[in-house]
Amino acid sequence: MNNTPVSPMDTLYASYRPHHSRKVASIGRIFALGLLLLPTACTVVHRGPIKVGMSQPLEPSAQPKVIHTPRAYTPPTVVEMISLNMPRGQFNHNAAIWKLLSPLTISHTDRRMLRRNGLRTGSASFSRWKKLSKILNSIKGLISQRSYIQTAALQAVVVNAKMNVHREFIAFRPLDDRLVLRTFHNCDDIFLLTAQIDRQENHTVLQIVPAVNLGTVTFSRGPYSLGLVRAAEPRRHIFRHLIFDIPLPPHHFMVVAPTGFKMNPNLIGPTFLSDGREVPARETVLVFAPLDKLK
Numbered sequence: 043m044n045n046t047p048v049s050p051m052d053t054l055y056a057s058y059r060p061h062h063s064r065k066v067a068s069i070g071r072i073f074a075l076g077l078l079l080l081p082t083a084c085t086v087v088h089r090g091p092i093k094v095g096m097s098q099p100l101e102p103s104a105q106p107k108v109i110h111t112p113r114a115y116t117p118p119t120v121v122e123m124i125s126l127n128m129p130r131g132q133f134n135h136n137a138a139i140w141k142l143l144s145p146l147t148i149s150h151t152d153r154r155m156l157r158r159n160g161l162r163t164g165s166a167s168f169s170r171w172k173k174l175s176k177i178l179n180s181i182k183g184l185i186s187q188r189s190y191i192q193t194a195a196l197q198a199v200v201v202n203a204k205m206n207v208h209r210e211f212i213a214f215r216p217l218d219d220r221l222v223l224r225t226f227h228n229c230d231d232i233f234l235l236t237a238q239i240d241r242q243e244n245h246t247v248l249q250i251v252p253a254v255n256l257g258t259v260t261f262s263r264g265p266y267s268l269g270l271v272r273a274a275e276p277r278r279h280i281f282r283h284l285i286f287d288i289p290l291p292p293h294h295f296m297v298v299a300p301t302g303f304k305m306n307p308n309l310i311g312p313t314f315l316s317d318g319r320e321v322p323a324r325e326t327v328l329v330f331a332p333l334d335k336l337k
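FYI, in our numbering the residues of the sequence shown are 43 to 337.
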């Protein structure tokens with residue numbers, strides 16, 4: 043006879059164990075029955091061979107695939123830029139040149155704002171370029187440089203006008219037409235160029251904005267910070283009152299020339315696009331021609 047005392051927990055376990063075993067057994071039978079029925083319920087019938095990856099030979103499709111681009115997609119635009127450097131006054135004071143050029147299709151107020159800041163603009167079709175090139179080739183001391191710029195209006199492309207200027211005095215007239223004079227040190231005079239194709243109006247929209255590049259600033263955060271930890275961004279002063287949408291019809295080009303030397307030689311146009319340190323003084327004319335064909 044065993045005289046070992048029985049604890050209350052042993053009594054509870056003894057009364058619970060048979061019931062627990064029967065419960066586990068019933069659950070096991072249900073699980074096994076589910077495994078037998080599962081393959082029959084989830085079987086997928088494959089008709090024909092299965093093509094995996096690139097193991098099958100590629101065959102040309104009978105019908106070409108149509109790729110639907112989103113409406114917000116902006117196709118890239120290629121702009122041909124020609125920089126014409128010549129003695130000062132040979133372009134701006136040549137009446138034969140401006141007879142071939144027409145005013146830009148912008149408002150009279152915007153054209154006046156450009157002229158008040160020393161920028162003279164015009165546009166013409168490609169068919170007039172031959173006559174214009176004959177006049178330009180007759181100018182003594184002409185230096186031309188051609189480049190191509192691709193942009194999709196997502197980010198402006200920098201067009202350098204003057205580089206590494208130790209001290210720059212720039213006079214400009216904002217919207218209230220008052221004369222403002224600012225001084226910049228160790229800077230670059232640049233233009234910010236953007237271009238995009240407007241399919242509805244069937245033309246190319248350009249933006250050519252003068253700005254001053256003051257270098258780059260590098261900022262950094264702690265090693266455990268979220269997001270951008272270290273990056274560099276340029277410090278720029280953008281003359282935002284000169285941001286205009288300039289629409290150009292297909293097969294047209296536009297020119298940007300300095301003017302207003304007698305009125306104020308420190309205006310944006312004469313400062314950016316001329317150099318009075320040379321003898322004789324010289325000026326630069328920028329020609330922009332979108333090359334994308336519009337349908």
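Ideal Cβ positions, reconstructed from N, Cα and C, are used throughout, including at glycine.
query                                                                                                                                                                      : result
For Ser169, name the three-state secondary structure that DSSP assigns.                                                                                                    : helix
Can you give me the C-alpha to C-alpha distance between Pro129 and Glu325, rounded to a whole angstrom?                                                                    : 6 Å
Whole angstroms is fine: what's the gap from Thr236's alpha carbon to Ser165's?                                                                                            : 17 Å
Determine the extent of the alpha helix (DSSP H) in which Ile310 is found, giving its start and end residues.                                                              : Ile310 to Leu315
Compare the beta carbon distance of Leu328 and Met123 with 8 Å and say whether it is the shorter of the two.                                                               : yes
Tell me whether Leu221 sits in a helix, a strand or coil according to DSSP, three-state version.                                                                           : coil
Going by C-alpha to C-alpha distance, which of Ile148, Ala138 and Tyr190 sits closest to Ser175?                                                                           : Ala138
Just curious, the alpha helix (DSSP H) that Arg209 is in, first and last residue?                                                                                          : Careful: Arg209 lies outside any alpha helix (DSSP H), inside the beta strand (DSSP E) at Val199 to Phe214.
Within the same chain, show all residues whose beta-carbon is closer than 8 Å to that of Ala323, passing over the 5 residues directly before and after it, in chain order. : Pro129, Arg130, Ser316 and Asp317
What are the start and end residues of the alpha helix (DSSP H) that includes Asn156?                                                                                      : Note that residue 156 corresponds to Leu in the displayed sequence, not to Asn. Element bounds for Leu156: His150 to Arg158.
With a threshold of 7 Å, establish whether the CB of Phe303 neighbours any heavy atom of the ligand ADP.                                                                   : No copy of the ligand ADP occurs in the structure displayed, which carries no ligand at all.
State the CB to CB distance for the pair Gln249 and Ile288, rounded to an integer number of angstroms; the pair is presumed to be in contact (CB under 8 Å).               : 7 Å
Specify the secondary structure class of His294 as computed by DSSP and reduced to three states.                                                                           : strand
Who does Asp230 pair with in a DSSP beta bridge?                                                                                                                           : Asn255
Go ahead and pull the three-state DSSP assignment for Lys107.                                                                                                              : Caution is warranted here: a pLDDT of 48 is assigned to Lys107, below 50, making its placement in the model unreliable, and no coordinate value can be reported.
Secondary structure at Ser186, three-state DSSP: helix, strand or coil?                                                                                                    : strand
What residue range does the beta strand (DSSP E) around Leu12 cover?                                                                                                       : The requested residue 12 does not occur in the structure, where the chain is confined to residues 43 to 337.
Of the choices Ala194, Ala213, Val207 and Gln192, whose alpha-carbon is the least far from that of Leu161?                                                                 : Ala213
Looking at the strands, I want to know which residues DSSP matches up with Met123.                                                                                         : Ser189 and Phe330
With a CB to CB cut of under 7 Å and the five nearest residues on each side skipped, what residues in its chain are close to Pro216?                                       : Val222 and His283
Helix, strand or coil for Val321 per DSSP?                                                                                                                                 : coil
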